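Numbering (the working numbering), first residue to last: 354 to 513.
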């Protein structure tokens, strides 16, 4: 009898151990984990900072899905099915979605490179100009004529 009981206990542990290992290997999804990767479809901001009533409804849906034991990927797919692709914060596919993210970054990089190349040229060109040339450093334009200086002094004297 004792031998059968020990065998039954060993069998129960053998059956229960893989289930425990599987649940330990799959971490439980949290609301905070999903919130920063999805958008409020009304505000267009990440759900973790959105304050619209729609954002509260999205959070409630996510909480229900977490309570059902869904993974983050399953939750994101359910949200995509409910609200469309606009609910996902970062593009997960290819094509036009990725282009929307890459083009502004590439334009910014090209502009920075252009400034880095052209700024030294502009400085060299400015330094190479003589002091008498128009547009030279320190050139304030044509000087003040004696008539303009006298008129300026008269105008200033009225305000003293």
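Quick reminder that beta carbons are idealized off the backbone N, C-alpha and C, glycines included.
Remember, it's a predicted structure, so these values are computed and weren't measured experimentally.
In the structure shown, residue 399 falls within a strand segment according to DSSP collapsed to helix, strand and coil. In the three-state scheme derived from DSSP, where H, G and I count as helix and E and B as strand, residue 470 is classed as helix. Note that the C-beta distance between residue 399 and residue 389 is below 8 Å. Exposure of residue 455 is indicated by the presence of fewer than 16 other C-beta atoms within 10 angstroms of its C-beta.
Put simply, the backbone Cα of residue 405 is about 19 Å away from that of residue 438.
Per DSSP, residue 381 lies in no alpha helix (DSSP H) segment and is marked neither H nor E.
For residue 451, the secondary structure class from DSSP, reduced to helix, strand or coil, is helix.
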